[in-house]
Ligand SMILES: N[C@@H](CCC(=O)N[C@@H](CS)C(=O)NCC(=O)O)C(=O)O
C-alpha cells in the first residue's frame with residue numbers, strides 16, 4: 025500500500041492527493057508537518073519538504089516526481105495529456121503553478137497563517153500587500169491567457185489544472201479570492217477544479233482546520 029507523507033493543506037500534497045483520488049488508488053496518509061523538525065519526515069524526505077511517498081521499496085519526494093511516478097505505475101485514469109505537445113504544455117503549467125504562482129498565491133497563506141500560527145511572528149501586511157497587488161497580478165494575467173473559458177485545460181482534469189488551482193485554495197484560507205472581473209477564466213477554472221469529485225472531498229476534510 026502507498027504511504028503519502030505531508031500536511032494536506034500544502035498545495036503540493038493536495039495535488040498528489042487529488043491524483044490518487046482520480047486514479048482511485050488506496051493510500052495511507054501520514055500528516056507530516058514541514059518546518060517542525062519531524063524526524064519521520066526527514067527519513068522519507070531528505071529535503072524535509074512535503075509531499076513524500078513510499079510505495080513498497082520505492083521512496084520518492086517532490087510532487088512533480090510523485091505525480092509522474094503515479095502516472096507511469098498506475099496508468100488507468102490518466103492525469104497528463106497524451107499528445108506530446110499537450111504533455112509538454114501541461115508539464116510547463118505544472119511547473120509554473122508549483123513555482124512562481126505558488127510562491128505568490130500560497131505565499132499569502134504562508135504569511136497570514138503560517139507566520140503567526142507556526143512561526144509565532146506578527147503578520148507583515150506590507151509583504152502580503154506586495155504579493156496581492158504586485159507579484160500576483162502579472163502571474164494571473166499569464167495564466168488567464170493559458171486557460172479555457174469552460175471545462176479543463178486539456179478536456180479532462182489533469183495535473184496542470186490542479187497545479188494552477190491548488191495554491192489558490194491556500195490563498196482563499198487567507199481571505200484572498202481571484203477577482204472574476206479581472207481574471208474570469210482562471211476564476212472559473214478554480215471553481216471547477218475545487219468542485220471536482222476528486223478535489224471537493226479533500227477540501228471538506230481541510231475545512232475543519234481552516235474554515236474553508
Ligand atoms: N517542488 C516541491 C515543493 C514542495 C514544498 O515546497 N513543500 C512545502 C510545503 S507547501 C514544504 O515542505 N516546505 C518546507 C521547507 O521548505 O522546508 C514539490 O512539488 O513537492
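Numbering (the working numbering), first residue to last: 25 to 236.
The beta carbon of each residue, even a glycine, is placed where N, CA and C say it ideally should be.
Here residue 98 has 47 and 49 as same chain residues with Cβ atoms under 7 Å from its own Cβ, once five neighbours each way along the sequence are excluded.
Looking at the DSSP output, residue 178 sits in a beta bridge with 180. Beta-bridge partners of residue 135 (DSSP): none assigned. For residue 68, the secondary structure class from DSSP, reduced to helix, strand or coil, is helix. Taking C-alpha positions only, residue 63 is separated from residue 70 by approximately 10 Å. Sequence-distant partners of residue 226 (beyond 5 residues in either direction) whose C-beta falls short of 8 Å from its own C-beta, in its chain, are 32, 38, 41, 42 and 45. With 16 or more neighbouring CB atoms inside 10 Å of its own CB, residue 136 falls in the buried class. Between residue 169 and the set 156, 211, 216 and 140, the nearest pair of CA atoms involves 211. For residue 66, the CB contacts under 8 Å within the same chain, skipping 5 residues up- and downstream, are 72 in chain order. The beta carbon of residue 55 is closer than 7 Å to those of 31 and 32 in its chain, skipping five residues each way along the sequence. Taking residue 146 as the centre and dropping the five residues before and after it, the same chain places the C-beta of 140 closer than 7 Å to its C-beta, in chain order. Here DSSP, grouped into helix, strand and coil, assigns residue 49 to coil. Residue 28 is positioned such that its CB atom lies closer than 8 Å to that of residue 53.
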